[in-house]
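In this note's numbering, the protein residues as written are 8 to 266.
Virtual Cβ for every residue (Gly too), placed ideally from N, Cα, C.
See below for the structure under consideration.
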DNA sequence: ATGGTAGCGGTGCTA
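Structural data, given as structure tokens:
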């Protein structure tokens, strides 16, 4: 089961590039972030014609997540539990029925800048809520994959210029500690488990020639429950997508599970 | 120190 995460930065702007990548990479499941569309505006029929089931959790202009799956989906949950007043569309869950059933969470974790301020407070509160939700899901002791744009640089080796990020919400000690608390629940960073080399990134800013200078960061992750980690066969970043026509600032990251 | 780019939506916010 090939499971990808891809922050597309707008479904309308990325329809062509996303379609081309789906055809070449052929993931069984693609978790999308920043669809920047309401559910009714998402081109669901386009993806259904390609053989994908489509579940969205959208909002106007900002955020928005979706799951595309060639395999049957069950028990869809929209929105991160734990705060009924939260209106930001950043979380969607579903169980994918392959050879094994895999619970998949697609997430768009808040950016958190500027620091300090309400946006950073929201980021940390959101991460605490996510930890509670993951703890709950882990009690099932089944394959669980939490993938998406975490907006966290886990370690210095995950940034080309870590010194530039010291004051940033993506790299502050509190952000990294909250990410580490997720790992310490027993989750595995799939890409880091399969790729030891530093300097492999999933995001390059549109500004200041970040791509041309390879000034990137690795912030799109798959965290796996122990039962999912046992099934892990591969984890890769589709870096070449960033050099294509009208790219997102993120590239797809995928894992392959024996499931 | 500043401003640089992209998307959405039709202005300024978000990143």
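Applying the 10 Å Cβ sphere with the 16-neighbour rule, what's the burial state of residue 41?
buried
Taking only runs of the beta strand (DSSP E) that begin and end inside the segment 30–75, which ones reach a length of at least 3 residues, in chain order?
36–40 and 60–64
Could you work out which residue in 182, 88, 103 and 102 is closest to residue 128 when comparing CA atoms only?
Out of 182, 88, 103 and 102, 182 has the C-alpha closest to the C-alpha of residue 128.
Taking one C-beta from the segment 162–169 and one from the segment 98–112 each time, how about it: are there three or more such pairs within less than 8 Å?
Segments in contact, no.
Residue 11 to residue 99 span [Cα, whole Å]:
14 Å
In the segment 109–164, which residue ranges form an unbroken alpha helix (DSSP H) of at least 4 residues, counting only runs that do not cross its ends?
125–145, all fully within the segment 109–164.
What's the C-alpha gap between residue 36 and residue 186?
24 Å
If residue 244 and residue 177 are in contact, beta carbons under 8 Å, what's the gap, nearest whole angstrom?
Going by Cβ atoms, the distance from residue 244 to residue 177 rounds to 17 Å, so no, they are not a contact pair.
Strictly by DSSP, which residues pair up with residue 243?
DSSP links residue 243 through a beta bridge to 261.
Please report how far the alpha carbon of residue 95 lies from the alpha carbon of residue 180, in whole angstroms.
25 Å
Taking all protein chains shown into account, do 16 or more other C-beta atoms lie within 10 angstroms of the C-beta of residue 155, making it buried, or fewer, making it exposed?
With a 10 Å radius around the Cβ and a threshold of 16 neighbouring Cβ atoms, residue 155 comes out buried.
Can you tell me the Cα-Cα spacing of residue 97 and residue 143, whole angstroms?
The C-alpha of residue 97 lies about 18 Å from the C-alpha of residue 143.
Tell me, please, which residues DSSP counts as bridged to residue 231.
152 and 195
Helix, strand or coil at residue 11 [DSSP, three-state]:
strand
Taking DSSP as the reference, what is the three-state secondary structure of residue 210?
strand
Taking the alpha-carbon positions, what's the residue 173 to residue 188 distance?
20 Å
Could you check the C-alpha separation between residue 153 and residue 232 for me, to the nearest Å?
9 Å
If we call anything under 8 Å between Cβ atoms a contact, is residue 228 one with residue 157?
yes
If you follow the alpha helix (DSSP H) that residue 80 is in, where does it begin and where does it stop?
Where residue 80 is concerned, there is no enclosing alpha helix (DSSP H), although the beta strand (DSSP E) it sits in stretches over 80–85.
So, is residue 191 buried or exposed, given that buried needs 16 or more other C-beta atoms within 10 angstroms?
exposed
Could you say which of 249, 24, 25 and 194 lies nearest to residue 220 if we only look at CA atoms?
249
The segment 81–93 contacting the segment 52–61, beta-carbon criterion three pairs below 8 Å:
no
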